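Here the structure is laid out as structure tokens; the discussion comes afterwards.
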Amino acid sequence: MNSLTNLRLNSVHVTGEELYSFLSNSCALKQFYLSNCEDIICLKIHCLLKQLNILHVFGCLNMEMIESNAPRLSTFSYAGDTIRILLGNAVQVRKVKFRHHHSPGALYYARTKLPFIAPNTISTPMASGKFLQLKHLEIVVRSPIFCPDYDFYSLVSFIAASPALETLILLVNQSGDSTRPRCLSEHFHDHLKNVMISGFCSAKSMIELTIHIIERSKSLVCLTLDTTRGYDKFAKIGKCLQLSKDALVEAERAHVAIGRYVEGRVPSSVNLKIIEPCS
1343 MNSLTNLRLN
1353 SVHVTGEELY
1363 SFLSNSCALK
1373 QFYLSNCEDI
1383 ICLKIHCLLK
1393 QLNILHVFGC
1403 LNMEMIESNA
1413 PRLSTFSYAG
1423 DTIRILLGNA
1433 VQVRKVKFRH
1443 HHSPGALYYA
1453 RTKLPFIAPN
1463 TISTPMASGK
1473 FLQLKHLEIV
1483 VRSPIFCPDY
1493 DFYSLVSFIA
1503 ASPALETLIL
1513 LVNQSGDSTR
1523 PRCLSEHFHD
1533 HLKNVMISGF
1543 CSAKSMIELT
1553 IHIIERSKSL
1563 VCLTLDTTRG
1573 YDKFAKIGKC
1583 LQLSKDALVE
1593 AERAHVAIGR
1603 YVEGRVPSSV
1613 NLKIIEPCS
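Using the working numbering, the first residue of the sequence shown is number 1343, and each one after it goes up by one.
Spelled out as structure tokens, the structure:
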């Protein structure tokens, strides 16, 4: 297997021990995709895989731990339940993607564990738990476990932990109450320039998050609030997809909330873009 560079295993009956032995003899491997292999409890990757730079693991329901010692790993993605993940001394990791299904603690897990899973984001012991080099952050909230009153304001902890952050994209598929918001945190985000929230809704915590970004991001240049959850992109190619009745009602609520709580707080130096359902 010395010449094998790309390996994809899907729904294969193989144990963790068998796979470890196989991979240890595949030293030329550069890309490894593992999906729906339910016999694997622990995925271990030997340090001999010095060429491995891409690792994707999806839907392995019984997996409890991933331990990789591949020194040149640069891209890692995982979809499944919360498990223990160790990437060793993979200081070249630049892109990490997590997708947790039906897990209310997914965002907390990413916020608290990711800096240690991707050690290159930490430069000094005093900054432990921060993403010091992170410039682009995208958060997708799609799972139905996130109820309408999900606390979007809690996402401020992600921004606060990323002092170099320049671009924030939040994709949401939720709605919520439009009670009067509060503004809490005093933390400033000196480098944040571009923010896009797709699926902007009238939820109190969503308004709070937006106000926080406006008032605490002195370098902000562009703020895009999309009430269509990305449906507007089809309008650009000559199509206008219909939203459900409930989605249209929520889009109108979101528009009212923007006018009531957001627009008056946006400095003249910031380009505010409001995207509404097409007709």
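Glycine included, C-beta positions come from ideal geometry on N, C-alpha and C. Fair warning: this is a prediction, and the values are worked out from it, not measured in the lab.
8 Å Cβ cutoff met for residue i and residue j
{"i": "lysine 1535", "j": "serine 1499", "result": "no"}
{"i": "leucine 1351", "j": "isoleucine 1387", "result": "no"}
{"i": "isoleucine 1556", "j": "leucine 1565", "result": "yes"}
{"i": "isoleucine 1427", "j": "methionine 1405", "result": "no"}
{"i": "serine 1547", "j": "phenylalanine 1494", "result": "yes"}
{"i": "leucine 1397", "j": "lysine 1372", "result": "no"}
{"i": "arginine 1436", "j": "serine 1416", "result": "yes"}
{"i": "leucine 1497", "j": "histidine 1533", "result": "no"}
{"i": "histidine 1442", "j": "threonine 1424", "result": "yes"}
{"i": "histidine 1597", "j": "threonine 1570", "result": "no"}
{"i": "serine 1544", "j": "glutamate 1605", "result": "no"}
{"i": "leucine 1385", "j": "leucine 1361", "result": "yes"}
{"i": "serine 1377", "j": "phenylalanine 1400", "result": "yes"}
{"i": "leucine 1510", "j": "isoleucine 1501", "result": "yes"}
{"i": "proline 1609", "j": "leucine 1590", "result": "no"}
{"i": "phenylalanine 1473", "j": "alanine 1503", "result": "yes"}
{"i": "cysteine 1389", "j": "alanine 1412", "result": "yes"}
{"i": "isoleucine 1553", "j": "arginine 1607", "result": "yes"}
{"i": "valine 1514", "j": "valine 1537", "result": "no"}
{"i": "arginine 1414", "j": "lysine 1392", "result": "yes"}
{"i": "cysteine 1402", "j": "glycine 1430", "result": "no"}
{"i": "isoleucine 1616", "j": "isoleucine 1600", "result": "yes"}
Residue i: first and last residue of the uninterrupted beta strand (DSSP E) it sits in
{"i": "methionine 1405", "result": "Where methionine 1405 is concerned, there is no enclosing beta strand (DSSP E), given that its DSSP letter is neither H nor E."}
{"i": "isoleucine 1383", "result": "Careful: isoleucine 1383 lies outside any beta strand (DSSP E) and carries neither H nor E."}
{"i": "lysine 1439", "result": "1437–1441"}
{"i": "serine 1499", "result": "Unbroken run through serine 1499 is the alpha helix (DSSP H), 1498–1502; no beta strand (DSSP E)."}
{"i": "threonine 1566", "result": "1564–1568"}
{"i": "lysine 1587", "result": "Segment 1587–1599 is the alpha helix (DSSP H) holding lysine 1587; no beta strand (DSSP E) there."}
{"i": "arginine 1426", "result": "1426–1428"}
{"i": "valine 1514", "result": "1509–1514"}
Where the alpha helix (DSSP H) through residue i begins and ends
{"i": "tyrosine 1362", "result": "1358–1366"}
{"i": "glutamate 1480", "result": "That residue, glutamate 1480, is in no alpha helix (DSSP H); its beta strand (DSSP E) goes 1478–1483."}
{"i": "serine 1547", "result": "1546–1558"}
Closer than 8 Å to chain D by CB, residue i
{"i": "isoleucine 1481", "result": "Although the question refers to chain D, the structure presented lacks it and comprises just one protein chain."}
For residue i: DSSP bridge partner residues
{"i": "valine 1373", "result": "Per the sequence presented here, residue 1373 reads as glutamine, with valine not at that position. Its beta-bridge partners are Asn1348, Ile1396."}
{"i": "tyrosine 1420", "result": "Val1399, Phe1440"}
{"i": "lysine 1615", "result": "Thr1566"}
{"i": "valine 1537", "result": "Leu1510, Leu1565"}
{"i": "serine 1410", "result": "Ile1387"}
Residue i: CB within 7 Å of a non-hydrogen atom of the ligand ADP
{"i": "methionine 1407", "result": "Of ligands this structure carries none, so the ligand ADP is not represented either."}
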